[in-house]
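J.:
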Amino acid sequence: MIRNAVKAYIVVPCYNEEEVLNETCTRLLGLMESMRRTNLVSVQSRIVFVDDGSRDATWQIITELEQDYPEVCGIKLAHNVGHQNALFGGLMTVRNDCDCAISIDADLQDDINVIPEMIKKYRDEGCEVVYGVRNKRDTDTFFKRETALGFYRMMKLMGVDMVYNHADFRLMSRAALHALSQFEERNLFLRGMVPLIGFKSDKVYYDRGERFAGESKYPLKKMISFAFDGITSFSINPIRLISAIGVIACVISVIMAIYAIAQKILGHVNVGWTSVICSIWFLGGLQMLGIGLIGEYIGKMYKEVKRRPRFIVERYIGDRR
Ligand code: UDP
Ligand code: MG
């Protein structure tokens, strides 16, 4: 059976990537060419570079590439908005032009050779989302590997549904992109948002390479703030934790009260100790509980202001006239 060629867009966020762009473009063009030859993708497929307010020659290079190759498009963001926002901006800009979009980092640390596999899963198996998952993390430093592992574990503990060892290398169909567009939140954490969409999804596995040039745009400071954003954008468990500590403190206060009163009756204590110790535990517990309670309401508001879609329709059948 001959299948239709897919109109695939590859979306690449770029921030100060002058050192890698030409090489990245060459590799992606090569891939496009081979996918076109096998009739996997159509001639209308594109490579879209999103310049996230770079301060170097990134945009300059993108415009040159756009002139040289008809497959290359460029989107220039007005200022630096960060990886997640830049990627989201790129995907939302192209979402009505393509059948599916594949997002990948400019440094090509993710293996572009699994992209055909992703597209096949979309075309032949009807997957709306295909996650690229790293097999092993040999090329990352011990520190980065361990912190990332701890991060996934913590997110799980916080009740966030994430694909283990998946970064932002994924294919999304037009339907999935449309669903994503309904998320109105401002603090983007795409890794947590995409699984919330649902639809049929699958994974492809690859080995992550090293950055071939330039340096990481994710220093430790950004990594920490990214992790913190991930937790606080998806979970109100930290607030619940405060309530739980409050309840525990109140329970302890009862035990302490019994203990303190017993000590007083036995006459082992200085004057005033019993009342002080009882109030400290009881009031402390009460305060925690109060903060937790207020937090509960803030948590509810936080969920409301996000205005996330409450449902996503996958299919609608029947005669609509
Ligand atoms: N990036 C971006 N805006 C930023 C920071 C990074 O668009 O403010 C892009 C960057 O150009 C790259 C991707 O995000 O394409 C991932 O960055 P990097 O490879 O430096 O992160 P790492 O792989 O070290 O986690
Ligand atoms: Mg990288």
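If you count the sequence shown from 1, position 248 lands on 259 in our numbering, and the numbers rise without skipping.
Glycine included, every Cβ here is placed at the ideal spot set by N, Cα and C.
Please read these numbers as outputs of a predicted model, since none were measured by experiment.
May I ask which residues mark the beginning and end of the beta strand (DSSP E) holding Phe223?
T.: Phe223 -> no beta strand (DSSP E), and no H or E assigned at all.
J.: Just the C-alpha distance for Ala68 and Ala224, rounded to the nearest angstrom, thanks.
T.: So the alpha carbons of these two residues sit roughly 15 Å apart.
J.: Grab me the residues of Asp218's own chain with a C-beta within less than 6 Å of its C-beta, minus the 5 sequence neighbours each way, in chain order.
T.: Same-chain partners within the cutoff: Asn146.
J.: Just mark Ser236 as buried or exposed, buried being the case when its beta carbon has 16 or more other beta carbons within 10 Å.
T.: Exposed: under 16 other Cβ atoms inside 10 Å.
J.: Which word fits Trp284, buried or exposed, when buried means at least 16 other C-beta atoms lie within 10 angstroms of its C-beta?
T.: Answer is exposed; the Cβ neighbour count stays below 16.
J.: Which two residues bound the contiguous beta strand (DSSP E) that contains Ala19?
T.: Note, Ala19: beta strand (DSSP E), Ala19 to Cys25.
J.: Helix, strand or coil for Ile276 per DSSP?
T.: In this structure, Ile276 counts as helix in the three-state DSSP scheme.
J.: By DSSP's criteria, Asp62 is part of a beta bridge. Which residues make up the other side?
T.: According to DSSP, Asp62 bridges with Cys25 and Lys87.
J.: Straight-line CA distance for Glu30 to Phe239?
T.: Approximately 30 Å between the Cα atoms of the pair.
J.: Measure the alpha-carbon distance for Val125 versus Cys261 and round it to whole angstroms.
T.: If you take the alpha carbons of Val125 and Cys261, they lie about 55 Å apart.
J.: For Ser246, report the span of its alpha helix (DSSP H) as first-last.
T.: First-last for Ser246: undefined, no H or E at that position.
J.: Expressed to the nearest angstrom, what Euclidean distance is found between the alpha-carbon atoms of Arg134 and Ile115?
T.: Cα-Cα distance, rounded: 19 Å.
J.: Nearest CA to the CA of Leu297: which residue from Cys84, Gly310, Ile253 and Asn281?
T.: Checking every option, the nearest Cα to that of Leu297 belongs to Ile253.
J.: Check each candidate in Ala268, Leu39, Phe200 and Ile309 and name the one with the smallest Cα separation from Asn248.
T.: When only C-alpha atoms are compared, the closest one is Ile309.
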